[in-house]
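Undergrad: In our numbering, the protein residues as written are 68 to 204. Just so it is clear, CB atoms sit at the ideal spot from N, CA and C, and this is done for glycine as well.
(1) Is it the case that the stretch 87 to 107 contacts the stretch 115 to 123, given that we only count it when at least three CB pairs across the two stretches are under 8 Å?
(2) Check whether the Cβ of residue 171 lies closer than 6 Å to any heavy atom of the ligand HEM, and answer yes or no.
(3) From residue 78 to residue 71, what distance separates their C-alpha atoms?
(4) Going by beta carbon distance, what residues of the same chain come within less than 8 Å of residue 90, once the five residues before and after it are set aside?
(5) Quick test of your reading: residue 152 and residue 192, contact by CB under 8 Å. State the CB separation rounded to the nearest angstrom.
(6) For residue 262 and residue 145, I'd like the C-alpha separation in whole angstroms.
(7) Would you be able to state if there are at least three C-beta pairs under 8 Å between the stretch 127 to 135 and the stretch 182 to 190?
(8) Consult DSSP for residue 199 and reduce its assignment to one of helix, strand or coil.
(9) Where does residue 115 sit, in a helix, a strand or coil, going by DSSP?
(10) Tell me the DSSP bridge mates of residue 172?
(11) Which class does residue 90 belong to by DSSP, given the choice of helix, strand or coil?
(12) For residue 173, count the other beta carbons within 10 Å of its own beta carbon; 16 or more makes it buried, fewer makes it exposed. Which is it?
(13) Do the CB positions of residue 181 and residue 158 come within less than 7 Å of each other?
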């Protein structure tokens with residue numbers, strides 16, 4: 068009942084040459100193939116506690132781009148800036164090993180429990196990766 072209706076809704080955007088982004092919380096592994104089949108092009112959030120990054124890229128990286136990836140539950144509010152940088156590098160490595168297909172960001176809205184230093188660490192790690200990529204021949 069839901070898939071045909073979503074397919075019609077997605078088709079409007081696909082026919083206009085636009086991406087189809089879906090925000091869906093929780094464990095949606097079981098329906099991801101159906102969503103890709105009807106035209107989903109970008110998945111948000113990519114919450115590492117629920118959707119394992121390496122598997123997600125392996126199974127859907129040829130069909131989807133990913134938006135999010137840095138945990139707002141376990142990483143950003145609870146660890147050191149050095150650990151945030153490491154988690155950010157791991158997210159990029161696992162979801163965009165070829166340097167594309169990832170809109171890096173927090174997995175959800177950032178709340179007041181996240182220290183500003185950790186937000187800066189995430190941004191710095193992304194900038195380091197971007198500068199490294201631009202320096203490649």
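TA: So, from the listed chains and residues:
(1) yes
(2) The ligand content of the structure shown is nil, which means the ligand HEM is not present either.
(3) The residue you call residue 78 lines up with position 11 of the chain shown. The residue you call residue 71 lines up with position 4 of the chain shown. Distance between the alpha carbons of residue 78 and residue 71 is about 10 Å.
(4) For the purposes of this step, residue 90 is identified with residue 23 of the chain shown, where counting begins at 1. Around residue 90: 111, 112.
(5) One-based indexing of the chain shown puts residue 152 at position 85. One-based indexing of the chain shown puts residue 192 at position 125. Yes, residue 152 and residue 192 are in contact; Cβ-Cβ is about 4 Å, under 8 Å.
(6) Nothing can be reported for residue 262, as the shown portion of the chain is limited to 68 through 204.
(7) no
(8) Residue numbering aside, residue 199 sits at position 132 when the chain shown is read from its first letter. Residue state, collapsed to three classes: helix.
(9) For this step, residue 115 is matched to residue 48 along the chain shown. It is coil, neither helix nor strand.
(10) As a position in the chain shown, residue 172 is number 105, starting the count at 1. For residue 172, which the question treats as bridged, DSSP gives the partners 136.
(11) The sequence position of residue 90 within the chain shown is 23, counting from 1. Reduced to three states, the DSSP call for residue 90 is strand.
(12) Counted from its first residue, the chain shown places residue 173 at position 106. Residue 173 is buried by the Cβ-count criterion.
(13) Numbered from its first residue, the chain shown carries residue 181 at position 114. Numbered from its first residue, the chain shown carries residue 158 at position 91. Taking 7 Å as the Cβ cut-off, residue 181 and residue 158 do not qualify as a contacting pair.
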